[in-house]
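Participant: Okay, handing you the structure first.
Protein chains: 2
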Amino acid sequence: MGKQFLEITEKEEVEKLIADLCVKLAKKIAAEKQIVKIEEALGRIASTDIFSPRNIPPFDRSTMDGYAVVASDTFYADENNPSTLIIKGYIQAGESPSQSECLEKGYCIGIATGAPIPKGANAVVKVENAQEYRDKVKIYKPVAPAENIMPAGSDIKQGEKILRDGTILTPKETGVLAACGIYEVFVRKKPSVTIISTGNELVAPGEDLKPGKIYDVNAQTLRDSVIGCGCVPLFLGIVPDSLEEISTKLKESLATGADVIIITGGTSAGVGDVLPTAIEGLGEIIVHGVDIKPGKPFVLGMVQEKPIFGLPGNPTSALISFNLFVNPLLRAISGNHSHNREEVKRRIRAKAALRIFSEHGRNEYVLVKLAKKEQTPKEGFVYPILSGSGAITTLSNADGYIFVEKGKGIIEEGEEVEVELLHHLFTPPY
Amino acid sequence: MGKQFLEITEKEEVEKLIADLCVKLAKKIAAEKQIVKIEEALGRIASTDIFSPRNIPPFDRSTMDGYAVVASDTFYADENNPSTLIIKGYIQAGESPSQSECLEKGYCIGIATGAPIPKGANAVVKVENAQEYRDKVKIYKPVAPAENIMPAGSDIKQGEKILRDGTILTPKETGVLAACGIYEVFVRKKPSVTIISTGNELVAPGEDLKPGKIYDVNAQTLRDSVIGCGCVPLFLGIVPDSLEEISTKLKESLATGADVIIITGGTSAGVGDVLPTAIEGLGEIIVHGVDIKPGKPFVLGMVQEKPIFGLPGNPTSALISFNLFVNPLLRAISGNHSHNREEVKRRIRAKAALRIFSEHGRNEYVLVKLAKKEQTPKEGFVYPILSGSGAITTLSNADGYIFVEKGKGIIEEGEEVEVELLHHLFTPPY
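Residue numbers (my numbering), protein chains in the order written: chain A, 55 to 484; chain B, 55 to 484.
Here it is in structure tokens:
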């Protein structure tokens with residue numbers, strides 16, 4: 055048992071498998087809706103088309119401070135021969151004009167910006183073009199019918215589609231919802247991701263560090279990276295490298311209703327052997343091992359139509375595997391692709407500040423640091439980080455990584471390379 | 055009273071005043087710390103330098119599966135003449151070797167990756183270069199002292215600075231904290247911002263819309279924009295345009311301990327007159343009116359060393375004023391400048407798809423929409439949005455805005471313009 059999945063899969067093949075998985079899962083998850091108040095809607099994704107329940111503005115509205123008039127009363131007015139109208143009253147923004155009375159020729163009503171146009175009036179004379187005296191006003195400039203009036207529904211019509219299914223709700227969109235008086239909205243569920251750490255040597259930060267033990271890093275970096283992909287992480291704890299304990303934890307994960315499960319191995323070889331067996335007991339193995347370094351001991355399984363990712367225990371390897379294979383899936387199913395958009399600079403071209411050696415015959419990811427302004431060589435150059443993938447500082451000092459393809463052993467000093475920046479991977483949507 | 059502050063201030067002067075304010079306030083707010091668990095630290099900003107309380111790794115650690123040996127025992131080993139050592143036992147990752155016994159020459163201990171090096175051993179022979187038989191192992195390749203060992207503290211030394219004051223905590227940083235076993239961290243307080251809407255015509259979304267009333271948009275867009283700046287918004291409700299009610303609300307704002315107060319006017323002229331008087335009663339007016347369109351009725355006051363921003367009631371004008379004057383201040387005091395960084399594309403160059411008219415003698419911001427691929431003219435062109443600043447769709451349809459400087463009345467068709475993208479303003483830090 056188990057032998058059939060020990061064959062290493064090519065990186066491109068794994069990427070293809072995951073792209074197919076994205077399509078299937080994204081569809082399923084996009085169908086799961088929840089309702090939220092607009093105050094909590096920022097960054098969420100609309101899960102239906104949304105239509106305005108009313109006209110915006112809801113009534114014909116003055117766009118100026120001035121006088122609501124019958125336009126024809128002003129047609130021949132000028133500086134020398136003003137029209138004189140009797141002021142019947144005033145209307146402020148927020149007030150409602152009488153619906154029984156109708157403004158007649160020869161009369162006008164003082165009106166504030168934003169106030170509703172009274173019945174009978176069909177234009178507004180700006181305050182600058184008028185002069186009050188006692189209960190009358192002189193109009194010095196004619197207005198055309200509809201002038202300085204924003205008609206009801208001219209901004210948004212009742213029944214008009216204001217948001218499309220799948221739109222990310224930024225302040226522009228929540229503002230439109232507010233304008234239409236919509237205070238609750240259907241949004242897509244955020245996918246949930248359980249995280250499990252395995253390794254007899256692992257201890258959670260905050261606990262005592264007994265001899266031979268180290269602190270678990272992956273629970274933290276993966277939890278935060280999952281948030282960065284627009285998903286909700288749930289850390290289920292550290293388990294020892296035992297088939298029974300890992301199987302139990304996987305069942306616990308499935309019972310939470312999680313959409314995706316991530317399990318990282320300890321630095322021991324344990325998980326590489328035990329996890330595939332545990333997955334086989336519940337579902338099937340799709341990938342066991344990828345031709346990349348670091349990150350070779352990568353596992354992808356499917357249980358109850360849910361993907362289980364087995365990542366290496368080493369923090370740098372875990373994060374590279376996560377970013378190559380898990381990140382695209384999580385962003386696809388959360389519907390939040392903002393970081394694939396052109397607004398965010400994902401990659402830069404740079405030059406190698408020194409010769410970079412890579413293992414011939416392995417697709418290798420080399421973590422690099424960008425040179426600073428004051429250094430020689432300056433900006434535009436990258437240095438490989440040589441502390442090795444076992445060191446946490448390899449990760450924390452890195453600005454990005456470069457990919458050295460299988461068969462290319464050496465990058466020469468000064469050779470141009472493409473740097474995948476870590477920053478964009480760490481900038482979550484909302 | 056009040057006359058002295060009716061002078062319009064130039065845009066550049068307002069920007070300078072706010073830049074000075076940023077420095078003063080940022081310093082004050084950066085001094086306010088709070089402690090959070092690392093699980094809640096993502097996106098927060100370290101408020102102290104942080105030093106590692108321990109060596110990482112905490113012990114000399116094997117980087118390979120193999121045999122812990124005294125290196126000199128292997129010096130002359132090769133394929134034909136292997137060294138033979140007696141296996142004294144095995145040590146797995148997470149286990150602790152005996153501290154009383156010392157490995158002697160002629161002996162070895164089977165060791166897993168990540169396990170602590172036993173006392174007396176000074177190198178690890180890889181499993182590929184050894185062969186076990188019964189209680190012995192043949193070593194086929196020599197190892198140098200220290201080979202395949204990662205010494206205690208070689209990744210991070212006890213007492214070493216692992217994070218600088220002011221660092222944004224991304225998964226790289228929270229991972230380093232976890233590795234060092236740090237589970238609580240001092241971070242800067244998130245600045246709090248109270249938001250007040252004024253206008254007799256305003257009603258909150260979700261409430262009944264009586265005749266003459268409209269829904270309040272600014273509470274929602276400003277609340278979400280404040281989150282986008284890394285601050286915590288607190289909406290204090292809608293108040294009528296009355297001096298008494300506005301004064302009371304400002305006092306309530308101050309009582310919450312808010313760092314910044316934002317108050318938007320209704321579309322009525324009310325707030326323009328009442329707010330400065332209310333502020334004068336409590337503190338002082340710095341700016342009353344800016345030479346931009348839209349956004350002229352902008353007010354900046356200081357009360358108890360806290361800035362009060364008075365923004366126009368019109369949603370488009372409010373958001374442009376917010377982005378020009380409030381956004382830079384909030385990002386500066388929250389310490390989160392990520393969106394000023396080069397990774398995010400803030401501006402693009404484009405061409406006007408048609409002639410754009412602007413009011414001569416006013417600095418004008420014109421909201422524009424980027425042309426789509428399938429349009430003629432295609433990508434690279436922008437269209438002005440002509441629905442006017444009173445329409446909510448002016449804002450929701452816009453991709454960005456262009457600035458037309460005072461004195462430049464017309465932008466010709468095909469003329470190059472710089473577009474400030476709204477997207478980056480709406481992508482919050484965490």
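All C-beta atoms, glycine included, are put in the ideal place defined by N, C-alpha and C.
Suppose only complete runs of 4+ residues qualify. What are the alpha helix (DSSP H) ranges in the stretch 386-467 of chain A, listed by chain order?
Facilitator: The qualifying runs are 446-450.
Participant: Nearest to V230 (chain A) by CA position, among B:I250, B:E470 and B:Q274, is which residue?
Facilitator: On the first sequence, residue 230 (chain A) is found 176 positions in, with the first residue counted as 1. When only C-alpha atoms are compared, the closest one is B:Q274.
Participant: For V68 (chain A) and I210 (chain A), I'd like the C-alpha separation in whole angstroms.
Facilitator: Counting from 1 along the first sequence, the entry for residue 68 (chain A) is found at position 14. Counting from 1 along the first sequence, the entry for residue 210 (chain A) is found at position 156. Taking the straight line joining both Cα atoms gives about 47 Å.
Participant: Tell me which residues of the stretch 267-285 of chain A have at least one Cβ-Cβ distance to chain B shorter than 9 Å, keeping chain order.
Facilitator: Result list: K267, I268, Y269, D270, V271, N272, A273, Q274, T275, L276, R277, D278, S279, I281 and G282.
Participant: Looking at chain B, is there any beta carbon in it that lies within less than 8 Å of the beta carbon of A332 (chain A)?
Facilitator: To locate residue 332 (chain A), count along the first sequence from 1; it is residue 278. Not closer than 8 Å to any Cβ of chain B, the Cβ of A332 (chain A) fails to qualify, so no.
Participant: Name the chain A residues whose beta carbon is nearer than 7 Å to that of P112 (chain B)?
Facilitator: What you label residue 112 (chain B) is simply residue 58 of the second sequence in a count that begins at 1. Neighbours of P112 (chain B) on chain A, chain order: L263 and I268.
Participant: To the nearest angstrom, how far is the alpha carbon of E467 (chain B) from that of P151 (chain A)?
Facilitator: Locating residue 467 (chain B) in the second sequence gives position 413, where the first residue counts as 1. Locating residue 151 (chain A) in the first sequence gives position 97, where the first residue counts as 1. So the two alpha carbons sit approximately 44 Å from each other.
Participant: Count the other C-beta atoms from every protein chain shown that fall within 10 angstroms of the C-beta of V420 (chain A), then say buried if there are 16 or more, exposed otherwise.
Facilitator: On the first sequence, residue 420 (chain A) is found 366 positions in, with the first residue counted as 1. By the neighbour-count rule (16 or more Cβ atoms within 10 Å), V420 (chain A) is buried.
Participant: Please classify S154 (chain A) as buried or exposed, where buried requires at least 16 neighbouring CB atoms within 10 angstroms.
Facilitator: The residue given as residue 154 (chain A) occupies position 100 in the first sequence. When all chains shown are included, S154 (chain A) counts as exposed.
Participant: What did DSSP end up calling E470 (chain A) once you bin it into helix, strand or coil?
Facilitator: In the first sequence, counting from the first residue as 1, residue 470 (chain A) sits at position 416. Residue state, collapsed to three classes: strand.
Participant: With distances taken from CA atoms, which of B:D313, B:N417 and B:I402 is nearest I346 (chain B)?
Facilitator: Mapped onto the second sequence, residue 346 (chain B) falls at position 292. Comparing Cα-Cα distances from I346 (chain B) to each of B:D313, B:N417 and B:I402, the minimum goes to B:N417.
Participant: Please state the DSSP three-state secondary structure of Q58 (chain B).
Facilitator: By one-based count along the second sequence, residue 58 (chain B) stands at place 4. With a pLDDT of 44 at Q58 (chain B), under the threshold of 50, the modelled position of that residue is not reliable, and no figure is offered here.
Participant: Can you find a C-beta in chain B that's less than 8 Å from the C-beta of D103 (chain A)?
Facilitator: As a first step, residue 103 (chain A) is located in the first sequence; it is residue number 49 there, counting from the start. Taking Cβ atoms only, chain B never reaches closer than 8 Å to D103 (chain A), which makes this a no.
Participant: Residues in the same chain with beta-carbon distance under 7 Å from A175 (chain B), minus the five sequence neighbours each way, listed in chain order, please.
Facilitator: To locate residue 175 (chain B), count along the second sequence from 1; it is residue 121. Here the set comprises A122, V123, V124, L157 and I163.
Participant: Given a cut-off of 8 Å, decide if L223 (chain B) and L96 (chain B) are closer than it, judged by their beta-carbon atoms.
Facilitator: As a first step, residue 96 (chain B) is located in the second sequence; it is residue number 42 there, counting from the start. As a first step, residue 223 (chain B) is located in the second sequence; it is residue number 169 there, counting from the start. A contact, by the Cβ cut-off of 8 Å.
Participant: Of all Cβ atoms in chain B, is any one closer than 8 Å to the Cβ of E255 (chain A)?
Facilitator: As a position in the first sequence, residue 255 (chain A) is number 201, starting the count at 1. At least one chain B Cβ lies under 8 Å of E255 (chain A).
Participant: Please confirm whether A198 (chain B) and S116 (chain B) have their CB atoms less than 8 Å apart.
Facilitator: Locating residue 198 (chain B) in the second sequence gives position 144, counting from the first residue. Locating residue 116 (chain B) in the second sequence gives position 62, counting from the first residue. Result no, Cβ atoms of A198 (chain B) and S116 (chain B) do not sit closer than 8 Å.
Participant: Can you list the residues of chain B that V230 (chain A) reaches, using a CB-CB cut of under 7 Å?
Facilitator: One-based indexing of the first sequence puts residue 230 (chain A) at position 176. What V230 (chain A) touches in chain B: I446 and S450.
Participant: Is Q88 (chain B) near V241 (chain B), with beta carbons less than 8 Å apart?
Facilitator: Within the second sequence, numbered from 1, the residue matching residue 88 (chain B) stands at position 34. Within the second sequence, numbered from 1, the residue matching residue 241 (chain B) stands at position 187. Contact: yes.
Participant: Given a cut-off of 8 Å, decide if F363 (chain B) and I316 (chain B) are closer than it, judged by their beta-carbon atoms.
Facilitator: Locating residue 316 (chain B) in the second sequence gives position 262, where the first residue counts as 1. Locating residue 363 (chain B) in the second sequence gives position 309, where the first residue counts as 1. Their beta carbons are under 8 Å apart, which means I316 (chain B) touches F363 (chain B) by this criterion.
Participant: Taking only runs of the beta strand (DSSP E) that begin and end inside the stretch 250-322 of chain B, which ones reach a length of at least 3 residues, in chain order?
Facilitator: Those beta strand (DSSP E) runs which fall completely within the stretch 250-322 of chain B and span 3+ residues are 286-293 and 314-318.
Participant: Kindly say whether E397 (chain B), judged by its beta-carbon, lies nearer than 8 Å to any beta-carbon of chain A.
Facilitator: Here residue 397 (chain B) is taken as the residue at index 343 of the second sequence, counted from 1. Its pLDDT being 45, under 50, E397 (chain B) is placed unreliably in this model, and the value from its coordinates should be taken loosely. Closer than 8 Å: yes.
Participant: Any C-beta of chain A within less than 8 Å: which residues of the stretch 208-237 of chain B qualify?
Facilitator: So the close ones are S208, D209, I210, I216, T224, P225, K226, E227, T228, G229, V230, L231, A232, A233, C234, G235, I236 and Y237.
Participant: So is E470 (chain A) in contact with chain B if we call contact Cβ pairs under 8 Å?
Facilitator: Here residue 470 (chain A) refers to the residue found at position 416 of the first sequence. Not one chain B Cβ lies under 8 Å of E470 (chain A).
Participant: Consider the Cβ of S322 (chain A): report whether some Cβ of chain B lies at a distance smaller than 8 Å.
Facilitator: Translated into positions along the first sequence, residue 322 (chain A) becomes position 268. Annotation note: pLDDT 44 at S322 (chain A) (below 50); position unreliable, no value reported.
Participant: Whose CA, out of A:S101, A:P265 and A:G143, lies closest to the CA of P170 (chain B)?
Facilitator: If you number the second sequence from 1, residue 170 (chain B) lands on position 116. Per the Cα distances, A:P265.
Participant: State yes or no: is the beta carbon of E428 (chain B) nearer than 8 Å to at least one beta carbon in chain A?
Facilitator: Locating residue 428 (chain B) in the second sequence gives position 374, where the first residue counts as 1. Chain A contact via Cβ: absent.
Participant: Sort out for me which residues DSSP pairs P170 (chain B) with in a bridge.
Facilitator: Within the second sequence, the letter at position 116 stands for residue 170 (chain B). According to DSSP, which records beta bridges pairwise, P170 (chain B) is partnered with B:R115.
Participant: Would V357 (chain A) and G337 (chain A) be called neighbours here (beta carbons separated by less than 8 Å)?
Facilitator: Taking the first residue of the first sequence as position 1, residue 357 (chain A) is located at position 303. Taking the first residue of the first sequence as position 1, residue 337 (chain A) is located at position 283. Closer than 8 Å, so yes.
Participant: I need the boundaries of the beta strand (DSSP E) containing G364 (chain B), first residue and last residue.
Facilitator: In the second sequence, the residue the question calls residue 364 (chain B) occupies position 310. Its beta strand (DSSP E) spans residues K360 to L365.
Participant: Identify, in the order they occur along the chain, each residue of the same chain with its Cβ nearer than 6 Å to the Cβ of A372 (chain B), setting aside the five sequence neighbours on each side.
Facilitator: Along the second sequence, one-based indexing puts residue 372 (chain B) at 318. Excluding sequence neighbours, A372 (chain B) sits near N272, T318, L365 and P366.
Participant: Could you tell me whether the stretch 76-88 of chain A touches the stretch 186-198 of chain A, where touching means 3 or more Cβ pairs closer than 8 Å?
Facilitator: The stretch 76-88 of chain A is not in contact with the stretch 186-198 of chain A.
Participant: To which residues of the same chain is D114 (chain A) closer than 6 Å at the C-beta, ignoring the five residues directly before and after it?
Facilitator: Within the first sequence, the letter at position 60 stands for residue 114 (chain A). Closer than 6 Å at Cβ, skipping near neighbours: I171, I203, P205 and A206.
Participant: Please determine, among B:V341, B:F289 and B:P107, the residue with the shortest C-alpha to C-alpha distance to E214 (chain B).
Facilitator: Start at 1 with the first residue of the second sequence, and residue 214 (chain B) comes out as number 160. E214 (chain B) has its Cα closest to that of B:P107, out of B:V341, B:F289 and B:P107.
Participant: K426 (chain B): which of B:F289, B:A404, B:I141 and B:G311 sits nearest, CA to CA?
Facilitator: Taking the first residue of the second sequence as position 1, residue 426 (chain B) is located at position 372. Of the candidates B:F289, B:A404, B:I141 and B:G311, the one whose C-alpha sits nearest the C-alpha of K426 (chain B) is B:A404.
Participant: Specify, as a first and last residue, the run of the beta strand (DSSP E) that E238 (chain A) falls within.
Facilitator: Numbered from 1 along the first sequence, position 184 holds the residue referred to as residue 238 (chain A). Taken as a continuous stretch (DSSP letters only), the beta strand (DSSP E) holding E238 (chain A) covers E238 to R242.
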